Structures are given as structure tokens and as C-alpha cells.
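Note sheet for the following structure.
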Amino acid sequence: MLLEEVSESRHGSGRTLGSVTADKTLFDGSVNLWQQPANTVWLWTIPSKAQQAEETVLVAEDTMVKDGSNAGTNYGSATSLVVRNDPSNNANRSAAFFKFNLPPIYLPDIQIATLCLRTRANPSGTAQGYVYGMDHNTWSEGTLTWTNAPNLKKGKVAGNKIANRVIDGEGTTAHILGQLVATSSTPSEKIIDVTEYLRSQPNRVPSFLITQDPRWDVTLPSLAVGDTQPSALEITASEGSTDPYLRIVRLKDTDGDGLSDEAETNTLSTNSNDADSDNDGLSDGTEVLVLSTNPNLNNAPTISNITDRSIAVNTNTGAIAVTIGDVETAATSLTLTRASSNPALIPLSGIVFGGSGANRTVTSTPAANQLGSSTITVSVNDGVLTASDTFLVTVTGTASQTWRFANFGTAANSGNAADTFDANNDGESNLLEYATAQNPNASSRAVLSAVRTASALEITYTRSKAAFTGGVAFTVEWSDVLAPSSWSGALVTQNILTDNGTLQTIKATIPAGPTIPMRFARLKVTQAP
């Protein structure tokens, strides 16, 4: 049972923790000798179930941090941890941190838990500190400073009023657990009830913060401004003479698997005398506390993560490694199945498994000349349960292949989709339609406009930016006689007039003939091989 006292000297901190006999008449053999002081309130915590086991958990990491000019300094090797609020100098303001790693314990089995610290007032008199249970537990004593510490405000000016408090996240990520009070310069052990906080820590890494924040703006009865404590609270660190520790009273665990007999009998229906109810090599406690599975049920198989793939048209993903496993079933007996969200792109016949045992492979081969994406699902089954993983296969093509697929449903340069074919019978090849951003399935013609100046012939046309960057060459040529061998691109310049990201307007300048009164021009497009 736990005895807590509300008095001028204890402020609700724990007084003692002990056990009682069956008739509950003795406290550590001498409960009848305890006398409650005047002007105090005692709070007894007596669990409804018999206390059957007790564990001591030593601190895993502890340190202090200082503010102001010391905010970047680490004190991880300090033998004593000082908790202080100096109202005149924030460089002397300090706080203490403690972190524990709980053993495998079914949290509802915890009946009473206390944080036990050896403390004193430095230099003398009385000193107090607020104890908080934190949600943050990833800090390290070797790197923690005020600058990077969780739940501490940065840049707070020194002072002794409530506005000068440095605790951050109070009530959300920092939960007040009580006050730690030292009444002498001689070190003595003080305890704080942390039962409910420990029960709320599913990762079993409780972390504590202690500060000496101001408690009020006016001190009574003197009416002095603020709350100034002349002494700091000094706590012995693990590097000192005595380790901080947690004292945990829990329900009986006969088979030592981390689950109490009551939890196994009434909650999980497992055998409290058998630490491994399903004989799978994992204790019931490991399955419940670490793996979060039911020790009486078949465990689901496992499958490794398969990352997304992007491949070129008419290629495949290659053999992708997949690791499978199962607690109860041999890997050789596990069955793999597959599914495709876009079977027109990747049919089931294109998804092939390889490998053996735990080390399998999956290869995805798209249909010929198809583009797009498909989500592939790979599932492993142990005969009862199934586990699955999905990955996205994206099949890409060149700019011209993408255009063909969008307009003809194939990336192949053949048939109606061939560059040389005139799909809409408008006198222009598919390549010219692609190059000038036309619809090959609707009647249309490329438009060239011409303007003659005193010294040149200016030709303006529109082209597809994707076609240009994808390798299509746009050549403007001229001829004075229209003979097949007379066309030339000499001295022709081309400039971009507009570019909206999809279409470009181009002006080609052709020099005028010096003696010939007539000059012809043409636009020629060719696809890079």
C-alpha cells in the first residue's frame, strides 16, 4: 500500500510504500507505531487485488539542463541534478530529466508505482519542484541541453511570477504528477505516485521532468511580490551515490512471461502456468506486449515492403526480392497470390513469382506497347490468415510514344499509329500532326502564315513543345524554282515568339532572293531515330 501526506512539509508527496499482512493490521511490521501529525491529511492507496510481486527499475538516463548562457551546455555526466529558479539570472535556472525502460509488464497489472529520488535542499531550508510525466521520451542524456529539451520554453526572462514559468505543454504533453519537497540539506529519499502515468505509457519508456517554477504572484502572509525559493532542489543522479528508481507493485506472474495470472486467466484465456501457450517459441508476454498478437491464435504471415517501380514501355520490372515468413508455418508452405488493378496494362499472366522458402521474387511484365499505371497486390497466405503488400508499377514512353498511345491506344510506330500513316486522310502524316499538336483523328491542317518584308520572308508556325524536346527536328527551307533538289535551309533563322509550356509559336526568317522576284518556303519535320 502507498501512504501520501498533505502537510506543510510534504505537499502531497509519498511518505512510504510497503506491504501488509493478510489481516491488514501491520505495516512493515510496525504500522501501529505510525502516528498522523496534526494539521495533515493522509491518503492510503490499497489495491483491490492482493499485491503479489514487486520490481525495482533503475533509471536508464538522467541529466539536467540550464537556461540562459548555459542553454547549449550538456550536463549528462553530472553526479547531482539541480532544479532551480533564479529570479535574477536565467543562466542559473535549471531542470532535471529522468527516463526509464520498463521490463515486459502488462500495464493493467501495475497496482502501485512510485518514482523514488534522493533529494536535499541546497544550501538549506526547504525546496520544492514540480514533477511532470512527459509524452516525449526520445531525448538522450548525452546530447540534451535547454536549447533542444522538450517541454521547456525558450527565451523566458528571469523572474519569480507565474508569467516566468518555463514548463511548456502543461496538461497536453507534460502531465503534472505532484510536488517533490526537500526539507533539509541532508539527502533523503522522496517518493511520488506515478501509477496512472505508467499505465498510460504503451511504449514502456516513461520520462519525467522536474522544474522549480514560481507557484504564485504574491507570497502570503507577507504580501511579498512573487514566489522566491532561496534553495535549489538537488537530486542525486545515477552517476552519483544512489540511482533514481521506480518501485512497481504488480499482480502475480507465475510463469514469468510478463502477464499476470489474472490477465492470462480472465483477459486472454491462456495458461498462467505455461509461458508459451501456443508453443511457437515466443512467450505469451512477448506476443502481447511486443508483437500485440493473441498467444492463443494463429499469427498472420509477414511480407516485406515492395517499393514502387517506374519502367519504360516494353520492358519489365525485373525480379523484385520479396521476403515472407510466418511464426507457425514453414515458409515453404506459404502460398503467394497476385492481383492487378489495371489488367489491360499488366495482366495476371504478366505477374510471375520466383524463388523459394522465405526468399521469393515477383516480376511484372506489362502488355506490349501499353502505357499507364497499375497497383500490384502480392498476398501471402498460411492457410488461415493473409498478409498483403502493394506497389505501383508505372510504364512510361517517349513523347511520341505517349502521343501515339493517347490517340491510338498503342505506343507502337506501326499500323494506323505509324508516323508515315495519315489516320484522318487530311493529307498530313501522323508525324506532322504530332509535331504541330493536332488531333490525328479529326480533320485539320497545319497553318503557316507568311509576311514579306523588304529584305526577308517571315514564316510563322505553331509546334508541340513536347515533340520538339522529344527529338523532332523542325526545319524551314526555301526554294526559288521548286525543283526537288533546290530546297535549302541556308541563312534561315528561327526564334520563339510565345511559349505556354505546351505550344510554341515560331517565326522563321528567310532571306529574300537578290534577283528572283519569287521565293517559296516549306516546313519540314523529321523524327530522330
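Numbering (my numbering), first residue to last: 89 to 617.
Even glycine gets a Cβ: it sits at the ideal position worked out from N, Cα and C.
Since the model is a prediction, treat every value here as computed from it, not as a measurement.
Would you give the residue range spanned by the alpha helix (DSSP H) that residue i belongs to?
i: Gln199; result: Run containing Gln199: none in the alpha helix (DSSP H); it sits in the beta strand (DSSP E), Ile198 to Asn210.
i: Phe188; result: Phe188 -> no alpha helix (DSSP H), and no H or E assigned at all.
i: Asn402; result: Note, Asn402: premise wrong, no alpha helix (DSSP H); not H, not E.
i: Ser488; result: Ala487 to Phe496
i: Glu284; result: Thr283 to Arg287
Using a Cβ-Cβ cut-off of 7 Å (strictly less than) and excluding sequence neighbours within five positions of residue i, which residues of its own chain qualify?
i: Lys112; result: With a pLDDT of 46 at Lys112, under the threshold of 50, the modelled position of that residue is not reliable, and the figure given next carries that caveat. Here the set comprises nothing.
i: Ser118; result: Confidence at Ser118 is low in this model, with a pLDDT of 45, below 50, so the placement of that residue is unreliable and no value is reported for it.
i: Thr486; result: Gly558
i: Tyr285; result: Gly221, His263, Leu265 and Pro294
i: Pro302; result: Asn173, Asn248, Lys249, Ile250, Asn252, Arg253, Gly314 and Asp315
What does residue i pair with, by DSSP beta-bridge criteria?
i: Asp587; result: Gln592
i: Thr411; result: Asn447
i: Lys242; result: In the DSSP output, where bridge partners are listed per residue, Lys242 has none listed.
i: Tyr218; result: Gln267 and Thr299
i: Val145; result: Leu334
i: Leu321; result: Val171 and Ala209
i: Thr390; result: Gly413
i: Ile255; result: Leu240
i: Leu579; result: Leu579 pairs with nothing; no bridge assigned.
i: Ser452; result: Ile439
i: Pro599; result: Ala544
i: Arg181; result: Beta-bridge pairing links Arg181 to no other residue.
i: Arg397; result: Val481
i: Phe608; result: Ser567
i: Thr465; result: Ala427 and Thr478
i: Ser621; result: Past the boundaries of the shown model lies residue 621; the chain is included only from 89 to 617, so the question cannot be answered.
i: Gly460; result: Val483
i: Val153; result: Ala183
With a threshold of 16 other CB atoms inside 10 Å of the CB of residue i, please say whether the residue is buried or exposed.
i: Ser176; result: exposed
i: Arg448; result: buried
i: Lys612; result: exposed
i: Glu521; result: buried
i: Gly445; result: exposed
i: Leu570; result: exposed
i: Ala183; result: buried
i: Tyr333; result: buried
i: Asn173; result: buried
i: Thr60; result: The chain is shown from 89 up to 617; residue 60 falls before or after that span and cannot be answered.
i: Pro617; result: exposed
i: Val450; result: buried
i: Ser552; result: buried
i: Ser531; result: exposed
i: Asp587; result: exposed
i: Val535; result: exposed
i: Ala494; result: exposed
i: Ser488; result: buried
i: Glu229; result: buried
i: Gly589; result: exposed
i: Gly217; result: buried
i: Thr226; result: exposed
Who are the near neighbours of residue i in its chain, counting only those whose CB is closer than 8 Å to its CB and skipping five residues on each side?
i: Tyr220; result: Asn239, Ile255, Glu258, Ala262, His263, Ile264, Leu265, Phe296, Leu297, Ile298 and Thr299
i: Thr109; result: With a pLDDT of 46 at Thr109, under the threshold of 50, the modelled position of that residue is not reliable, and no figure is offered here.
i: Lys242; result: Ala159, Trp234 and Thr235
i: Thr420; result: Ser444 and Gly445
Beta carbon of residue i, beta carbon of residue j: below 8 Å?
i: Arg533; j: Glu516; result: yes
i: Val145; j: Ile336; result: yes
i: Asn393; j: Asp477; result: yes
i: Val481; j: Ile412; result: no
i: Asp305; j: Lys340; result: no
i: Ala179; j: Gly156; result: yes
i: Val415; j: Ile391; result: no
i: Asn518; j: Pro528; result: yes
i: Arg610; j: Trp575; result: yes
i: Asn387; j: Asn457; result: no
i: Thr425; j: Ser462; result: no
i: Thr214; j: Gly328; result: no
i: Arg338; j: Gln199; result: yes
i: Arg181; j: Ala246; result: yes
i: Thr548; j: Ile584; result: no
Give me, in chain order, the residues of the same chain whose beta-carbon lies closer than 6 Å to that of residue i; leave out the 5 immediate sequence neighbours on both sides.
i: Ala561; result: Thr614
i: Pro599; result: Ala544 and Leu579
i: Phe186; result: Val147, Asp150, Phe296 and Pro332
i: Val539; result: Glu546
i: Pro454; result: Leu433, Ile434 and Val483
Return the first residue and the last residue of the beta strand (DSSP E) that residue i is part of.
i: Trp566; result: Val560 to Ser567
i: Leu311; result: Run containing Leu311: none; DSSP gives neither H nor E here.
i: Arg551; result: Ala544 to Ser552
i: Leu520; result: Leu520 -> not in any beta strand (DSSP E); alpha helix (DSSP H) instead, spanning Asn518 to Ala523.
Counting contacts by CB-CB distance shorter than 8 Å, is residue i in contact with chain B?
i: Phe562; result: Among the protein chains of the structure shown there is no chain B, as only one such chain exists.
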